[in-house]
Amino acid sequence: MKIIHFSDTHLGFNDLEILNEHNINQREADFYDAFSQVVEQIKHIEPDYIIHTGDLFHRSSPSNRAITFALEQFKIINALNIPFILIAGNHSTPRTNLSAPILKIFENFENIFVSYEQKYKKIEFKEVVFHALPHMNDETTALSQIELCEANIDTSKKNIMMMHCSVGASYLMQEFGEWVFPTNKEYIFEKMDYVALGHWHGFGHVGKHENVYYSGSTERTSLNDKRNSKGFVEIDFGSTTLVVPKSQLTIKFTEIKIRPIVQKELNCEDYENALIDTSDTKDAIVEVKLTNLTPLQSIDIQNADIKKLFPHAMSVSVKREFKLASNETNLADIEALSLEEYFLAHIKEDANDTEFERLKEKITELFALYEESADDTL
Ligand SMILES: [Mn+2]
82 MKIIHFSDTH
92 LGFNDLEILN
102 EHNINQREAD
112 FYDAFSQVVE
122 QIKHIEPDYI
132 IHTGDLFHRS
142 SPSNRAITFA
152 LEQFKIINAL
162 NIPFILIAGN
172 HSTPRTNLSA
182 PILKIFENFE
192 NIFVSYEQKY
202 KKIEFKEVVF
212 HALPHMNDET
222 TALSQIELCE
232 ANIDTSKKNI
242 MMMHCSVGAS
252 YLMQEFGEWV
262 FPTNKEYIFE
272 KMDYVALGHW
282 HGFGHVGKHE
292 NVYYSGSTER
302 TSLNDKRNSK
312 GFVEIDFGST
322 TLVVPKSQLT
332 IKFTEIKIRP
342 IVQKELNCED
352 YENALIDTSD
362 TKDAIVEVKL
372 TNLTPLQSID
382 IQNADIKKLF
392 PHAMSVSVKR
402 EFKLASNETN
412 LADIEALSLE
422 EYFLAHIKED
432 ANDTEFERLK
442 EKITELFALY
452 EESADDTL
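Going by the working numbering, the first residue of the sequence shown is number 82, and it counts up by one from there.
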């Protein structure tokens, strides 16, 4: 028996305000592409079951495009005749009882089994029981539902538990309404053949448990997530006719191809002669850190100049790290009336007269621009 486990696909997520050739936000399209790649692999692998552990959509009220995309993909999966079981995560669960859960739209597919009602659901097949515990807004309900799950373990079949939560406090995503699985209930994991987890966006097993895994997300919902390795898990339980002990479980992580995120550092100590390798930046999200900057350099080096160094990147963001000056000006020494004057006084200390005149013009221009955009009376 073979299962494919994936999670946190966040369909509809968008970022960076860059449009692709179809006028779709490029990052949103990246998330659709990641999902399609998993579906393509499923067609080749032909597992016995497919499971998704939550955050199918990024929002509980997804856009028309995200819903349309999901319906097209689910039609493909449904036609494979492989049962596809999915649970709701915190992103796809409405925060109030007033709105209807989006996962309900998949109820009418014969091979798709959804669990989104904030309660335990037993989804049973000939050889296996899926114990679905979707995201629950109320922790007290969650506890009684975990107990219900334990009571429903069927020792004559494989038991697979599915949840969208942080196990202990170690896998918190710092998001609203996260569910933390109670530590004193972790013993239930040992009674399961496999525990499929969603919520944490990196692949890996949990602590001492050999059969408890996060599959990770299929794309990055934050650029703070520097992982370039995203994909899905393939769990092989061996033959179902023989009683195979849990230790024979084989877990394989398969990577999909996602847009790379590349970090570069440009030491401004020798800016003119600095060489930067751009060979790995094609279509990438590039983050450049300028280090050892002096205030004077910072005026001269525009973000646009840095972006020009990476003509084939998808996006370039620039971070600036200043050199600590040996002669830090004492604030009290300058009787500056405005930030602009203070800044000019600071420049005057470091530059000669001609240089100061040249920069002064530039600074006045920049401050004028800043004041224009900061003026909220406009
Ligand atoms: Mn998520």
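Where is the CB? At the ideal position from N, CA and C, for every residue including glycine.
Segment contact flag, the segment 430-437 with the segment 372-387, C-beta cutoff 8 Å, min 3 pairs = yes
message = So, at 8 Å on beta carbons, what are the nonlocal neighbours of residue 162 in its own chain, with the 5 sequence-adjacent residues on each side left out?
response = Around residue 162: 192.
ask   = Nearest CA to the CA of residue 420: which residue from 405, 384, 440, 445?
value = 445
message = So if I measure from each beta-carbon to every heavy atom of ligand 1 and keep distances below 5 Å, which residues remain?
response = 89, 136
task = Output the boundary residues of the beta strand (DSSP E) element that contains residue 398.
result = 396-403
query = Which residues in the same chain as residue 249 place their Cβ atom closer than 6 Å to its Cβ, once the five residues preceding and following it in sequence are excluded?
reply = 264
message = Checking 8 Å against the spacing of the C-beta atoms, do residue 337 and residue 299 come in under that value?
response = yes
query = Since residue 245 is in the beta strand (DSSP E), which residue starts that stretch and which ends it?
reply = Where residue 245 is concerned, the enclosing beta strand (DSSP E) stretches over 239-245.
ask   = How about residue 209 and residue 239: are their beta carbons less than 8 Å apart?
value = yes
request  = Mind checking which residues open and close the alpha helix (DSSP H) that includes residue 372?
outcome  = Taken as a continuous stretch (DSSP letters only), residue 372 belongs to no alpha helix (DSSP H), being part of the beta strand (DSSP E) at 366-374.
inquiry  = Quick check on the DSSP output: what are the complete beta strand (DSSP E) runs of length 3 or more inside the segment 259-316, in order along the chain?
reply    = 275-279, 293-295
request  = Kindly indicate which three-state DSSP category residue 415 falls into: helix, strand or coil?
outcome  = Because the pLDDT at residue 415 is just 49, under 50, the model does not fix this residue reliably, and the value given afterwards should be weighed accordingly. Coil at residue 415, not helix or strand.
request  = For residue 207, name the three-state secondary structure that DSSP assigns.
outcome  = In the three-state scheme derived from DSSP, where H, G and I count as helix and E and B as strand, residue 207 is classed as coil.
request  = Return the CA-CA distance between residue 84 and residue 319, expressed in angstroms with no decimal places.
outcome  = Straight across, the Cα-Cα distance linking residue 84 with residue 319 is about 11 Å.
inquiry  = So, with DSSP's three-state summary, where would you put residue 331?
reply    = strand
query = Helix, strand or coil: how does DSSP classify residue 461 here?
reply = Residue 461 lies beyond the range of the chain shown here (82 to 459); nothing can be said about it.
ask   = What does a CB cutoff of less than 7 Å around residue 119 pick up in its chain, not counting 5 residues either side in sequence?
value = 87, 299, 313, 337
query = Roughly how many angstroms separate the alpha carbons of residue 141 and residue 442, rounded to a whole number?
reply = 51 Å
request  = Express the C-alpha separation of residue 133 and residue 399 in angstroms, rounding to a whole number.
outcome  = 36 Å
inquiry  = I'd like the list of long-range same chain contacts for residue 417, defined as Cβ closer than 7 Å, with 5 residues on each side in sequence excluded.
reply    = Because the pLDDT at residue 417 is just 48, under 50, the model does not fix this residue reliably, and the value given afterwards should be weighed accordingly. Within the same chain, residue 417 has close Cβ partners 423, 426.
request  = Excluding the 5 residues preceding and the 5 following residue 130 in the sequence, name in chain order all residues of the same chain whose CB lies nearer than 6 Å to its CB.
outcome  = 84, 164
Cβ neighbours of residue 281 in the same chain (closer than 6 Å, five flanking residues each side left out) = 252, 295
Cβ neighbour criterion (16 or more within 10 Å) applied to residue 212 = buried
ask   = At which residue ranges does the segment 106-194 contain complete alpha helix (DSSP H) runs of 4 or more residues, listed in the order of the chain?
value = 107-126, 145-160
key: Beta carbon of residue 279 nearer than 8 Å to that of residue 114   = no
message = Please report the straight-line C-alpha distance between residue 415 and residue 402, rounded to a whole angstrom.
response = For residue 415, the predicted model reports a pLDDT of 49, less than 50, meaning its position is unreliable; a value from the coordinates is still stated below. Spanning the two alpha carbons is a distance of roughly 24 Å.
inquiry  = Taking 8 Å as the threshold (C-beta atoms), are residue 307 and residue 297 in contact?
reply    = It is not a contact, given that the beta carbons lie outside the stated cut-off.
message = Which residues does DSSP list as the beta-bridge partners of residue 344?
response = 368
Rounded C-alpha distance that separates residue 260 from residue 287 = 16 Å
ask   = Taking residue 373 as the reference, which of 301, 346, 387 has the closest Cα?
value = Comparing alpha-carbon positions, the option among 301, 346, 387 lying closest to residue 373 turns out to be 346.
key: Between the CA atoms of residue 317 and residue 221 - distance to the nearest angstrom   = 34 Å
key: Host alpha helix (DSSP H) of residue 388 (start-end)   = 384-389
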